[in-house]
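I have placed the structure first, in the form of C-alpha cells, so that the comments after it can refer back to it.
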Amino acid sequence: MARRGRIRNQSTMTYTEERVAAETGRVLLALYRAGLEVHLTPDGLSGQASARIVAGPRSRRRSPVTRTARGTGDSPLAAICAAVERLNERSGAIVVALDE
Numbered sequence: 037m038a039r040r041g042r043i044r045n046q047s048t049m050t051y052t053e054e055r056v057a058a059e060t061g062r063v064l065l066a067l068y069r070a071g072l073e074v075h076l077t078p079d080g081l082s083g084q085a086s087a088r089i090v091a092g093p094r095s096r097r098r099s100p101v102t103r104t105a106r107g108t109g110d111s112p113l114a115a116i117c118a119a120v121e122r123l124n125e126r127s128g129a130i131v132v133a134l135d136e
C-alpha cells in the first residue's frame with residue numbers, strides 16, 4: 037500500500053496535461069485508423085517539435101493518394117495538427133478529421 041501512495045505523489049498530472057495527452061492520443065488513433073504513420077522530432081534548442089505523416093504499410097493496398105506531410109509547432113500535438121491540416125489541404129479532401 038505504501039508503494040502505491042508514493043507512485044501517486046510522483047506522477048501527478050494537471051488537468052491541462054491530461055487534456056493534451058488525451059487529445060494527442062485521439063489524433064494518433066485517428067491517423068492509425070487511416071493507415072498513416074507519424075514521425076515526431078522534438079527540437080530542444082528551438083523548443084519546437086516537427087511531425088511527418090507518411091503512408092503506413094497497410095496503405096499499399098490503396099491507391100497512393102497521400103504523400104508525406106510535414107508540420108511544426110510549439111508542442112508535439114500542435115505539430116501533428118499542422119501536418120494533418122497540410123495533408124488535408126494537399127489531398128483536397130478530409131483524410132483525417134480533427135474536431136477543434
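Count along the sequence shown from 1, add 36, and you get the number used in our numbering. A virtual CB, placed ideally from N, CA and C, is assigned to each residue, including glycine.
Residue i versus residue j - alpha carbon distance
| i | j | result |
| --- | --- | --- |
| Thr60 | Arg69 | 14 Å |
| Ser127 | Gly109 | 21 Å |
Residue i - containing beta strand (DSSP E), residue span
| i | result |
| --- | --- |
| Arg106 | 105-109 |
| Ser127 | Counting along the chain, Ser127 falls outside any beta strand (DSSP E), though it belongs to the alpha helix (DSSP H) covering 112-127. |
| Val132 | That residue, Val132, is in no beta strand (DSSP E); it is neither H nor E in DSSP. |
| Leu64 | Element bounds for Leu64: not the beta strand (DSSP E) but the alpha helix (DSSP H), 51-69. |
Residues near residue i in its chain [Cβ-Cβ closer than 6 Å; skip 5 each side]
| i | result |
| --- | --- |
| Val90 | Glu73, Thr104 |
Neighbourhood of residue i by C-beta, 7 Å cutoff - its chain only, sequence neighbours within 5 removed
| i | result |
| --- | --- |
| Arg42 | Summary for Arg42: the model assigns pLDDT 49, below 50, so the residue's position carries little reliability, and this model does not support an answer. |
| Leu134 | Val63, Cys117, Val120 |
Beta-carbon spacing of residue i, residue j below 7 Å
| i | j | result |
| --- | --- | --- |
| Ala58 | Ala85 | no |
| Ala66 | Val132 | yes |
Residue i burial status per 10 Å Cβ neighbour count (16 or more: buried)
| i | result |
| --- | --- |
| Glu53 | exposed |
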